[in-house]
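Trainee:
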Amino acid sequence: MSNIEWDSQTYAKQFSFVAGYGSSLIDLLDRKENMTCLDLGCGNGNLTKKLKDAGLDVIGMDDSASQIQKAMEDHPDIRFVQGNACDFLLEEPVDVVFSNAVFHWIDKDRQKDMLSCVYRALKPEGQLVFEMGGKGNNALIHGNLRRAFARRGLVYRFPFYFPSIGEYASLMEGAGFLVRTALLFDRKTRLMGPDGLSDWIKMFVQTPFEGIDAATSEEIRREAVEELRPKLFEEGVWYADYVRLRCRAVKML
-14 MSNIEWDSQT YAKQFSFVAG YGSSLIDLLD RKENMTCLDL GCGNGNLTKK
36 LKDAGLDVIG MDDSASQIQK AMEDHPDIRF VQGNACDFLL EEPVDVVFSN
86 AVFHWIDKDR QKDMLSCVYR ALKPEGQLVF EMGGKGNNAL IHGNLRRAFA
136 RRGLVYRFPF YFPSIGEYAS LMEGAGFLVR TALLFDRKTR LMGPDGLSDW
186 IKMFVQTPFE GIDAATSEEI RREAVEELRP KLFEEGVWYA DYVRLRCRAV
236 KML
């Protein structure tokens, strides 16, 4: 999982769109009565609650202690546990593993480990339903940051894994899944406040800035934001150039 230390309060206030967009992912489920579900990478539990409201017997799991703490505080009627997506075991297998905006935080070389854990966590013919960043996700933002780093002789360490449909379908099939649905689509995403893009970079793009002093980090962010203004600032609102990969797969026997 990601090594980012999440600010759960800021995340809940300024980036609620993550769970908001994930709500429609629930519609991808082939729903039956009395289904059990693991919300893998549940964050603050807001989407876990929507899964519960949709009739699923759900458990939330996240690697962030602060996010799990907030989830338990906000949703005391749901069970939450701390766990790593690449190395976890459930007491009992579930009908569904559901995950929103998590898999792209896992290094490419750990994806097989994660999919093996998910496969093991599912009942026979259980469903894996997820959305993650897909090929081209935030290409404008990362491209400008990379150039700002290069101008200073710095290497931009890209911290995400954004696969194509073909690449990720192959990984899932190799792990024993049958891919039933796979969609790659653009989703321009509105950000909050006059500093929406700068705040987004501070929250979600931390790894490349490790070891760089605060003044230089702020200078890079400010430079990239101004260069992106003509493309991502519209009528007083900042947007992020999201591309999403959304899939449903079934555990093969």
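Going by the working numbering, the sequence shown wraps up at 238, each residue one higher than the last. We put the CB at the ideal spot given by N, CA and C, even for glycine.
Can you give me the start and stop residues for the alpha helix (DSSP H) that Q52 sits inside?
Mentor: Where Q52 is concerned, the enclosing alpha helix (DSSP H) stretches over 50 to 59.
Trainee: For a test of the three-state rule: what should DSSP assign to E116, helix, strand or coil?
Mentor: DSSP places E116 in strand when its eight states are reduced to three.
Trainee: Would you list the one or two residues that DSSP bridges to C22?
Mentor: Paired residues: V43, V81.
Trainee: Report the residue from R231, S183, E195 whose alpha carbon sits nearest the alpha carbon of V222.
Mentor: The shortest Cα separation from V222 among R231, S183, E195 belongs to S183.
Trainee: Short check: CB of L163 to CB of I150, under 8 Å?
Mentor: No, they are not a contact pair.
Trainee: Measuring only the C-alpha atoms, how far is E203 from A50?
Mentor: C-alpha separation (whole angstroms): 27 Å.
Trainee: Are there 16 or more other CB atoms within 10 angstroms of the CB of M99, so buried, or fewer, so exposed?
Mentor: Buried, because 16 or more other Cβ atoms sit within 10 Å of the Cβ of M99.
Trainee: Spatial neighbours of D226 within its chain, please: C-beta separation below 7 Å, excluding the five flanking residues on both sides.
Mentor: For D226, where only same-chain residues beyond five positions count, the Cβ hits under 7 Å are N123, A124, L125, I126, K173, L217.
Trainee: To the nearest whole angstrom, what separates the beta carbons of F83 and G118, a pair I think is in contact under 8 Å?
Mentor: About 17 Å; that fails the 8 Å criterion.
Trainee: The alpha helix (DSSP H) spanning R207 covers which residue range?
Mentor: R207 -> alpha helix (DSSP H) spans 199 to 217.
Trainee: As a quick exercise: from V235, A234, L230, M237, pick the residue whose alpha carbon is nearest that of H89.
Mentor: H89 has its Cα closest to that of L230, out of V235, A234, L230, M237.
Trainee: Would D80 and M20 qualify as a contact pair, given that the criterion is a beta-carbon distance under 8 Å?
Mentor: Taking 8 Å as the Cβ cut-off, D80 and M20 qualify as a contacting pair.
Trainee: What is the DSSP secondary structure of K17, reduced to helix, strand or coil?
Mentor: The answer is coil: DSSP assigns K17 none of H, G, I, E or B.
Trainee: What's the gap between the Cα of P78 and the Cα of L107?
Mentor: For P78 and L107, the distance between alpha carbons rounds to 5 Å.
Trainee: DSSP has N69 in a bridge; who is on the other side?
Mentor: In the DSSP output, where bridge partners are listed per residue, N69 has D72.
Trainee: In this structure, what does DSSP give as the bridge partners for W223?
Mentor: Answer by DSSP bridge pairing, in chain order: F218.
Trainee: Under a three-way DSSP split, which group does P179 fall into?
Mentor: Reduced to three states, the DSSP call for P179 is coil.
Trainee: Taking 8 Å as the cut-off, does the region 61 to 80 touch the region 130 to 139 (at least 3 CB pairs, one atom from each stretch)?
Mentor: Touching, no.
Trainee: Kindly give me the distance between the Cβ atoms of G45 and D24, rounded to whole angstroms, as I take these residues to be in contact under 8 Å.
Mentor: Indeed they touch by this definition, with Cβ atoms about 5 Å apart.
Trainee: CA-CA distance, K(-2) and A167?
Mentor: Summary for K(-2): the model assigns pLDDT 47, below 50, so the residue's position carries little reliability, and this model does not support an answer.
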